[in-house]
Amino acid sequence: MRKAMAVAGICLAACLVFAATEKIQPLNAKTGLWQTTQTVKLTGLPPEVAAGVNPTMTYQSCFKPEDLSTSERVKEKAGLKCSSWNVLKSTASDIEAQASGCDMGHGLMAAGHGNIHLADSEHMTGSIDYTMTGLEQPVQGHASYTSKWIGATCPADTN
41 MRKAMAVAGI
51 CLAACLVFAA
61 TEKIQPLNAK
71 TGLWQTTQTV
81 KLTGLPPEVA
91 AGVNPTMTYQ
101 SCFKPEDLST
111 SERVKEKAGL
121 KCSSWNVLKS
131 TASDIEAQAS
141 GCDMGHGLMA
151 AGHGNIHLAD
161 SEHMTGSIDY
171 TMTGLEQPVQ
181 GHASYTSKWI
191 GATCPADTN
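Going by the working numbering, the letters in the sequence shown line up with residues 41 to 199, in that order.
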């Protein structure tokens, strides 16, 4: 369950980051292999669960041109089903988006609001605030992240 909550936050953040591509202007980011370091702070967890949640994770993702073309493709890639997606702002360097009714698996649902900023085509920062339900009480999460482009080629085992 602990891992599911951390993964849920990461998936929701990733989807919000790239959800805005269905709008007028996608981010001016390079495609290929990206490395992201994400720091998560969760509140409302029982102490025994909170003790097992790793607040910092680093992972790699592969983004192809078609992955950045529509939010539907990104949701498919992350395996999420959200009932509502809204892009509030979309420019070549900044995106603000929100989602709700996101099925995170394991009986968890989530809603969130996120922002990203592309400093240049190889460096991105962002944050997302979200609420997960499906536990004894709602859990509030805040994730901040930095991403950097690693290269144009993705290893075969990278999603």
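Ideal placement from N, C-alpha and C gives every residue a C-beta, glycine not left out.
{"Query": "So, for D134: in the same chain, excluding its five sequence neighbours on each side, which residues have a beta-carbon less than 8 Å away from its beta-carbon?", "Result": "N155, I156, H157 and L158"}
{"Query": "Quick check on the DSSP output: the beta strand (DSSP E) that includes A159 runs from which residue to which?", "Result": "L148 to D160"}
{"Query": "Can you round the beta-carbon distance between L73 and Q100 to whole angstroms, since I take them to be within the 8 Å contact cut?", "Result": "6 Å"}
{"Query": "Flag this pair as yes or no: are the beta carbons of T186 and P178 separated by less than 7 Å?", "Result": "no"}
{"Query": "Would you call L82 buried or exposed, if buried means 16 or more other Cβ atoms sit within 10 Å of its Cβ?", "Result": "buried"}
{"Query": "Would you give the residue range spanned by the beta strand (DSSP E) that E136 belongs to?", "Result": "D134 to G145"}
{"Query": "In whole angstroms, give me the CA-to-CA distance for K70 and T165.", "Result": "14 Å"}
{"Query": "Distance, Cα to Cα, T173 vs M149?", "Result": "5 Å"}
{"Query": "Compute the Euclidean distance between the alpha carbons of A137 and N126, then round it to the nearest angstrom.", "Result": "6 Å"}
{"Query": "DSSP on A90, reduced to helix/strand/coil?", "Result": "helix"}
{"Query": "Check whether chain B comes within 7 Å of W189, counting only Cβ atoms and requiring the distance to be less than that.", "Result": "Reference to chain B is not applicable here, since this structure consists of a single protein chain."}
{"Query": "Does the separation of the CB atoms of V80 and A151 fall below 7 Å?", "Result": "no"}
{"Query": "Going by alpha carbons, who is nearest to A196 out of F103, P95 and A90?", "Result": "F103"}
{"Query": "Express the C-alpha separation of C194 and Q75 in angstroms, rounding to a whole number.", "Result": "11 Å"}
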